[in-house]
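One structure is given here, and the rest of the page talks about it.
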Amino acid sequence: SSSTLEPTLFPTRFRATAHGISAACGKVGAIISALAFNTLSKKIGTPAILWSFTLLLPEVKGRDPDLILAQEMQEARDAQERRHYS
1 SSSTLEPTLF
11 PTRFRATAHG
21 ISAACGKVGA
31 IISALAFNTL
41 SKKIGTPAIL
51 WSFTLLLPEV
61 KGRDPDLILA
71 QEMQEARDAQ
81 ERRHYS
């Protein structure tokens, strides 16, 4: 998916190049994942593949993404201050 803010930050020639590279990578990734899924599906079965994806994803139930972002930003500021004063 495309964003609306990032394209306005960069000159057109860089946007066009980056968009082309991104689109190409997306297509290559789709081909690789389709081939890998089919191969793995034949070897271990579709349910096993789908369940394995759940092991890779973090648990988000009860988590506030805005609070997490605020904590990460505060940690980054603290780290920057420590680097600045040391």
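One point on numbering: in our numbering, the residue at position 15 of the sequence shown is 15, and numbering is uninterrupted. Think of the CB as a built atom: it goes at the ideal place given N, C-alpha and C, for glycine as much as any other residue. All of these numbers come straight from a predicted model, not from anything done at the bench.
- In this structure Phe37 is not in contact with Ile21, their Cβ atoms being roughly 24 Å apart against a cut-off of 8 Å.
- Judged by DSSP secondary structure, Arg83 falls within the alpha helix (DSSP H) whose first and last residues are Pro65 to Tyr85.
- Rounded to whole angstroms, the separation of the alpha carbons of Leu35 and Ala23 is 19 Å.
- Boundaries of the alpha helix (DSSP H) around Gly29: Thr12 to Ile44.
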